[in-house]
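Let me begin by presenting the structure, written as structure tokens, before commenting on it.
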Amino acid sequence: VRHPNYLGEMMIYGSFALLVWHWFPFLILAWVWSAVFAVNMMQKEYSMSRYPEWAEYRSRTRWLIPFVW
61 VRHPNYLGEM MIYGSFALLV WHWFPFLILA WVWSAVFAVN MMQKEYSMSR YPEWAEYRSR
121 TRWLIPFVW
């Protein structure tokens, strides 16, 4: 996984949203995950693409979820 820190944060915030059993926290999380985390991950991918080893590392690892995505 190339971004384990973001995956961990998503799991933590998702568990907090599950505690309240309401749709509103999930709406906020969807915005945070797409507007903040995804943008930061794409910026990191872009900045790392200048290194030749990055292409090989990227080809053998997943973006966020192991064995899936």
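Residue numbers (my numbering): 61 to 129. Glycine included, C-beta positions come from ideal geometry on N, C-alpha and C. A quick note: this is a predicted structure, and the numbers were derived from the prediction, not measured.
{"Query": "Classify F76 as helix, strand or coil using the three-state DSSP reduction.", "Result": "helix"}
{"Query": "Taking all protein chains shown into account, decide if Y66 is buried (16 or more other Cβ within 10 angstroms of its Cβ) or exposed.", "Result": "buried"}
{"Query": "Mind checking F97: buried by the 16 CB within 10 Å criterion, or exposed?", "Result": "buried"}
{"Query": "What residues in its chain sit with their C-beta under 7 Å from that of W93, if we drop five residues either side in the sequence?", "Result": "M70"}
{"Query": "Flag this pair as yes or no: are the beta carbons of L124 and H63 separated by less than 8 Å?", "Result": "yes"}
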